[in-house]
Amino acid sequence: MNRAMSRVFTVAALLFVVLVVNLTWLMAVRADWFRARPENKRSIAKEMKIKRGDILGFDGSVMAGTVRRSGYYHRAYPGGTLAPQLIGYDSVRYGRSGIEARFNDELTGQATGLGVQNWVDKLLGRRPKGAHLKLTIVPDVQRVAQAELDGKKGAVVALDPTTGALIASASAPSYDLSGLEDHWARLSEDPGAPLLNRPTQGLYVPGSSFKVVTASGGLDSGKVTPQTKFVDTGTYVVFGGKVTNYGGAVYGPNDFTTAMTLSINTTFAKVGNRLGRTRLIASAEHYGFYQTPPLELPAGEVVPSGRYGKKGLLKPDAFMDPLDVAWAACGQEKMLATPLQMALVAGGVANGGRVMKPYVVQEVVA
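The numbering of the sequence shown is our numbering, which starts it at 10 and goes up by one.
Printed below as a string of structure tokens:
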């Protein structure tokens, strides 16, 4: 009996030690992680007593401001809702997203380098306040982009090819940030996914716009020149399958310049196989495929482009037979890309082959 009780006591003591160690680890080691979680309502409620910094457009206009009600600060949008999926929401119920989440420490004055200012504010009896963010978004351009997407489903991305500065980022269907709390259930269940940031999270078949990647790979490798001759019969038979032109068109004899101008699928399929999988994927990687663009958004709100299978992004060295390569060279098959990625491709061409890193926050103003 005593031996049995001794065993029970030993097991209980061990479980107690494990519990204490686990709690210590959670409170000491993981405290910052839990505090930073966007769904941590206690932290959000506490931070709502801090005057949150404004989010400003490139022209200095307020895209997301702050008003005080009942002792708490709330977001306000004096210019109407602009780029809601990019700016993101700031909600005590539903957490944060977008720039609001990524730069929460700066906006609430808790980031390294802003602590001194808050210490001075406390000494002087002033309320703590956050820093402002000045974005590269040009509000007038953003309004045009959103207006053009009204009633449609899609995305618009405009950037400066020489710097990578994001000028406009529109996603549709969209939503009104000021009505988030009242309409969350409808928005989160909407099959049109208005909360999705399509420019950075939406994956689409790039189609013929990807032929720029194939063309630059072919020209850089010397596998083709602008004058290289081809003959199009309307069908390119390869590895037991075939590649056809849009609408069943037949172009006959053509050179690579003509193929680029007319977007001839069969010619680009042949160029893809002249390049081979390794060179084709290397050309895509040069433009930023297979890596997450370093835009300043939370993890998961920017996704990489490349070839996708049922389980997600395929590795760059994943097996590709000649038919896979042919269709990938045309921007079809499993090749998927975000609108941001394809804007970077266009920007790389406009910038003489140099692809700039995209960014949207121009300055943190304390």
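All residues carry an ideal CB built from backbone N, CA and C; glycine is no exception.
None of the values given here were measured: they were computed from a predicted structure.
(request) Return the residue from the list K232, K251, A85 that minimises the CA-CA distance to S100. (result) The residue given as residue 100 occupies position 91 in the sequence shown. Residue A85 is the option with its Cα nearest to S100.
(request) Reducing DSSP to helix, strand and coil, say where P360 ends up. (result) In the sequence shown, the residue the question calls residue 360 occupies position 351. Correcting the residue identity first, residue 360 is Asn in this sequence and not Pro. Here N360 sits in coil by DSSP.
(request) Look at the alpha carbon of A40 and the alpha carbon of K55, and state the distance between them as a whole number of angstroms. (result) If you number the sequence shown from 1, residue 40 lands on position 31. If you number the sequence shown from 1, residue 55 lands on position 46. Its pLDDT being 48, under 50, A40 is placed unreliably by the model, and the measurement read from it follows with that caveat. One C-alpha to the other measures close to 16 angstroms.
(request) With R111 as the anchor, note down where its alpha helix (DSSP H) starts and where it stops. (result) By 1-based counting over the sequence shown, the position of residue 111 is 102. Judged by DSSP secondary structure, R111 falls within the alpha helix (DSSP H) whose first and last residues are 107–111.
(message) Helix, strand or coil for V369? Go by DSSP, reduced to three states.
(response) Working through the sequence shown from its first residue, we reach residue 369 at position 360. Reduced to three states, the DSSP call for V369 is coil.
(request) Please name the residue in G357, P148, A179, P170 whose C-alpha comes closest to that of E157. (result) Here residue 157 refers to the residue found at position 148 of the sequence shown. Minimum Cα-Cα distance from E157 among the listed residues G357, P148, A179, P170 corresponds to A179.
(request) Report yes if the CB atom of I146 is closer than 9 angstroms to the CB atom of L95, and no otherwise. (result) As a first step, residue 146 must be located in the sequence shown, where it is residue number 137. As a first step, residue 95 must be located in the sequence shown, where it is residue number 86. Yes. Within cutoff.
(message) Check whether the segment 265–282 and the segment 301–312 are in contact - that is, three or more C-beta pairs closer than 8 angstroms.
(response) Because the criterion of three Cβ pairs below 8 angstroms is not met, the segment 265–282 and the segment 301–312 do not touch.
(message) Under 8 angstroms: do the segment 209–223 and the segment 329–341 share three or more Cβ pairs, one atom per stretch?
(response) Yes: the two stretches touch, three or more of their Cβ pairs being nearer than 8 angstroms.
(request) Output the boundary residues of the alpha helix (DSSP H) element that contains K279. (result) By one-based count along the sequence shown, residue 279 stands at place 270. In this chain, the alpha helix (DSSP H) harbouring K279 covers 274–295.
(message) Under 8 angstroms: do the segment 261–275 and the segment 228–238 share three or more Cβ pairs, one atom per stretch?
(response) Enough Cβ pairs lie closer than 8 angstroms, so yes.
(request) Leaving aside the five residues before and after M57 along the sequence, list all residues of the same chain whose C-beta is less than 8 angstroms from its C-beta, in chain order. (result) As a working mapping, residue 57 is identified with position 48 in the sequence shown. Excluding positions up to five away in sequence, the list reads Y81, Y82, H83, V101.
(request) Following the continuous alpha helix (DSSP H) through D229, name the residue where it begins and the one where it ends. (result) As a first step, residue 229 must be located in the sequence shown, where it is residue number 220. According to the DSSP assignment, D229 belongs to the alpha helix (DSSP H) that extends over 220–230.
(request) Going by CA-CA distance only, name the one from Y296, P203, G188 that's closest to M365. (result) Numbered from its first residue, the sequence shown carries residue 365 at position 356. Ranking Y296, P203, G188 by Cα distance to M365 puts Y296 first.
(request) Just the C-alpha distance for R78 and V358, rounded to the nearest angstrom, thanks. (result) Position 69 of the sequence shown holds residue 78. Position 349 of the sequence shown holds residue 358. Each residue's alpha carbon lies about 50 angstroms from the other.
(message) To the nearest angstrom, how far is the alpha carbon of L196 from that of G243?
(response) Taking the sequence shown and counting its residues from 1, the one referred to as residue 196 is at position 187. Taking the sequence shown and counting its residues from 1, the one referred to as residue 243 is at position 234. One alpha carbon belongs to L196, the other to G243, and they sit about 45 angstroms apart.
(message) Looking only at its chain, what residues have a beta carbon closer than 8 angstroms to the beta carbon of E372, apart from the 5 residues adjacent to it on each side?
(response) Walking along the sequence shown from the start, residue 372 turns up at place 363. Annotation for E372: L142, K143 place their beta carbon closer than 8 angstroms to its own, counting only its chain and skipping 5 residues before and after.
(message) Tell me the rounded alpha-carbon separation between K60 and G118.
(response) The residue you call residue 60 lines up with position 51 of the sequence shown. The residue you call residue 118 lines up with position 109 of the sequence shown. Looking at the two C-alpha atoms, the distance is approximately 9 angstroms.
(message) Quick check on this structure: which residue in G104, G139, G107, R105 has the alpha carbon closest to the alpha carbon of A120?
(response) Locating residue 120 in the sequence shown gives position 111, counting from the first residue. From the listed residues G104, G139, G107, R105, the smallest Cα separation to A120 is found for G139.
(message) Between the alpha carbons of L116 and V374, how many angstroms are there, rounded?
(response) Along the sequence shown, one-based indexing puts residue 116 at 107. Along the sequence shown, one-based indexing puts residue 374 at 365. Taking the CA atoms as reference points, L116 sits about 10 angstroms from V374.
(request) Spell out the partners DSSP gives M344 in its beta bridges. (result) For the purposes of this step, residue 344 is identified with residue 335 of the sequence shown, where counting begins at 1. Answer is R316.
(request) Return helix, strand or coil for M72, following the three-state DSSP convention. (result) On the sequence shown, position 63 is the one that residue 72 refers to. M72 falls in the strand class under three-state DSSP.
(message) Please report the distance separating the alpha-carbon of F43 from that of I108.
(response) To locate residue 43, count along the sequence shown from 1; it is residue 34. To locate residue 108, count along the sequence shown from 1; it is residue 99. Residue placement at F43 is flagged as unreliable, the pLDDT there being 46, under the threshold of 50; a coordinate-derived value is accordingly withheld.
(request) Could you name the residues of the same chain whose beta carbon sits closer than 7 angstroms to that of S272, not counting the 5 residues immediately before and after it, in chain order? (result) Within the sequence shown, numbered from 1, the residue matching residue 272 stands at position 263. The residues S217, K220, in chain order, have a CB closer than 7 angstroms to that of S272 in the same chain once the five nearest residues on each side in sequence are set aside.
(message) What does the Cβ neighbour count give for R363, buried or exposed, with the cut at 16 atoms within 10 Å?
(response) Locating residue 363 in the sequence shown gives position 354, where the first residue counts as 1. Answer is exposed; the Cβ neighbour count stays below 16.
(request) Out of V259, V370, L186, point me to the one whose CA is closest to Y103's CA. (result) The residue labelled residue 103 in the question sits at position 94 within the sequence shown. Comparing Cα-Cα distances from Y103 to each of V259, V370, L186, the minimum goes to L186.
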